[in-house]
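According to this note's numbering, the sequence shown is numbered sequentially starting from 175. The structure appears right after this line, and notes come after that.
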Amino acid sequence: RLDELLYAGKVNGELSGTLPFSVTRGLLGRGQERYNIYCTPCHDHVGNGQGMIVQRGLRPPPSFHIDRLRMAPVGHFFDVITNGYGAMANYAVEVAPADRWAIAAYIRALQLSQHAAVAELPEADRRHLQGPNP
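Below, the structure is given as structure tokens:
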């Protein structure tokens with residue numbers, strides 16, 4: 175079953191809601207590096223779908239920040255990178271399975287970065303957002 179998760183992004187035939195390994199700083203760093211290479215031309219650095227090819231007139235991909243994609247299981251992103259979707263070609267040959275998972279984890283981090291509630295932030299960051307005391 176680990177092979178089905180690792181190589182297909184599925185558990186018992188369904189898209190997985192979990193990664194096949196723990197999320198670490200190293201994994202997210204690798205995901206960011208691979209995302210910047212393979213994904214930003216279309217999806218841009220924040221995941222809004224306004225990358226350089228869109229600026230050159232090609233059809234934009236959906237933003238990773240729409241509800242449908244924020245609610246999608248993480249296996250969805252692995253599956254799309256592996257098999258393509260709509261106008262997106264597959265990247266199964268270009269991106270190794272472990273790197274596809276790293277990108278999927280990084281996409282989740284991008285989603286969180288744009289939708290974090292202030293109450294979920296560390297105290298120091300909340301103070302910084304509030305600015306200096308008058």
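All C-beta atoms, glycine included, are put in the ideal place defined by N, C-alpha and C. Model, not experiment: these values are computed from the prediction.
The region 290-306 touching the region 267-279, judged by at least three CB pairs closer than 8 Å: no
Entirely enclosed beta strand (DSSP E) segments - the region 182-234, minimum 3 residues: none
Boundaries (first-last residue) of the alpha helix (DSSP H) holding V254: Here residue 254 refers to the residue found at position 80 when the sequence shown is read from its first residue. Per DSSP, V254 belongs to the alpha helix (DSSP H) from V248 to N257.
Cβ-based burial, S190 [other Cβ within 10 Å; buried from 16]: Position 16 of the sequence shown holds residue 190. Result: buried.
Beta-carbon spacing of I277, R208 below 8 Å: For this step, residue 277 is matched to residue 103 along the sequence shown. For this step, residue 208 is matched to residue 34 along the sequence shown. Yes, they are a contact pair.
Close beta carbons around L292, own chain, < 8 Å, minus the five adjacent residues each side: Along the sequence shown, one-based indexing puts residue 292 at 118. First, the amino acid is wrong: residue 292 is Val here, not Leu. Around V292: R300 and L303.
Closest Cα partner of D154 within the set Q229, A279 and L284: An answer regarding residue 154 cannot be provided, because it is not within the stretch 175 to 308 covered by the chain.
Member of R242, A290, V267 and L284 whose CA lies at the smallest distance from the CA of L202: As a first step, residue 202 must be located in the sequence shown, where it is residue number 28. Out of R242, A290, V267 and L284, L284 has the C-alpha closest to the C-alpha of L202.
Where Q235 falls, given that 16 or more other Cβ within 10 Å makes a residue buried: Residue numbering aside, residue 235 sits at position 61 when the sequence shown is read from its first letter. Checking the sequence, you will find Pro at residue 235 rather than Gln. With 16 or more Cβ atoms within 10 Å of its Cβ, P235 is classed as buried.
Check whether T256 and A246 have beta carbons under 8 Å apart: The residue given as residue 256 occupies position 82 in the sequence shown. The residue given as residue 246 occupies position 72 in the sequence shown. No, the Cβ-Cβ distance between T256 and A246 is not below 8 Å.
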